[in-house]
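The numbers in the sequence shown follow my numbering, run straight up by one, and end at 230.
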Amino acid sequence: MWDQTDWLPQLQAVGLIALAGLLGGVIGLEREWARKPAGLRTHIVVASASAFFMVLGHAVIWQFSSLQPHGTVVGDPVRVMQAVVVGISFLGAGTIIHEGGQRIEGLTTAASLLLTSAIGMAVAAGQIITATLTTLISVIILLLLGNIELRILRRSEKS
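Put into structure tokens, the structure is as follows:
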């Protein structure tokens, strides 16, 4: 399946990475409209990179298993996911701003980056419907609850 001389699986992998980027971009577009620190491009890159790491992990496991007797290799795709989550966590931490213990900004953006990463990994794992529906639900939540939060904030400022 992952023969280095066979271009079709590699092109399919690029298609998965592009789809992950597209879905990440949908969430990033909402963050961009909300004028948040990580917007469209960041979310596209996070989802694409996450999918790429998953695809690459699968390819490497396949490549090394073909070199081993009986086609076995000790490889754990979950470790790839763990490494991606750790990397995205550092990226997300960079979006969080703490202002004197009274106000914290960027938590939703950090969470959306983590979710975008999971969507990218889901696409790479072949979970296209799950990734697409999660993207749609996430955008609805971000838009709907963002509007509700603004209304609550405006009411509390008037009081």
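Think of the CB as a built atom: it goes at the ideal place given N, C-alpha and C, for glycine as much as any other residue.
Applying the criterion that 16 or more other CB atoms from any shown protein chain within 10 Å of the CB defines a buried residue, is LEU208 buried or exposed?
For clarity, residue 208 is Ile in the given sequence; the question names Leu instead. Exposed is the call here.
Cα separation between LEU178 and ASP77?
43 Å
Secondary structure at ARG174, three-state DSSP: helix, strand or coil?
strand
Does the Cβ of GLY240 have 16 or more other Cβ atoms within 10 Å, making it buried, or fewer, making it exposed?
Coverage of the chain is limited to positions 72 through 230, which leaves residue 240 absent and any answer about it impossible.
DSSP on ILE167, reduced to helix/strand/coil?
ILE167 falls in the coil class under three-state DSSP.
Spatial neighbours of GLU176 within its chain, please: CB distance less than 6 Å, with the 5 preceding and 5 following residues excluded, ordered by chain position.
ILE168
Verify whether the separation of the beta carbon atoms of PHE124 and VAL151 is less than 8 Å.
yes
With DSSP as the reference, label GLY110 as helix, strand or coil.
coil
GLU103 beta carbon less than 8 Å from that of LEU214:
no
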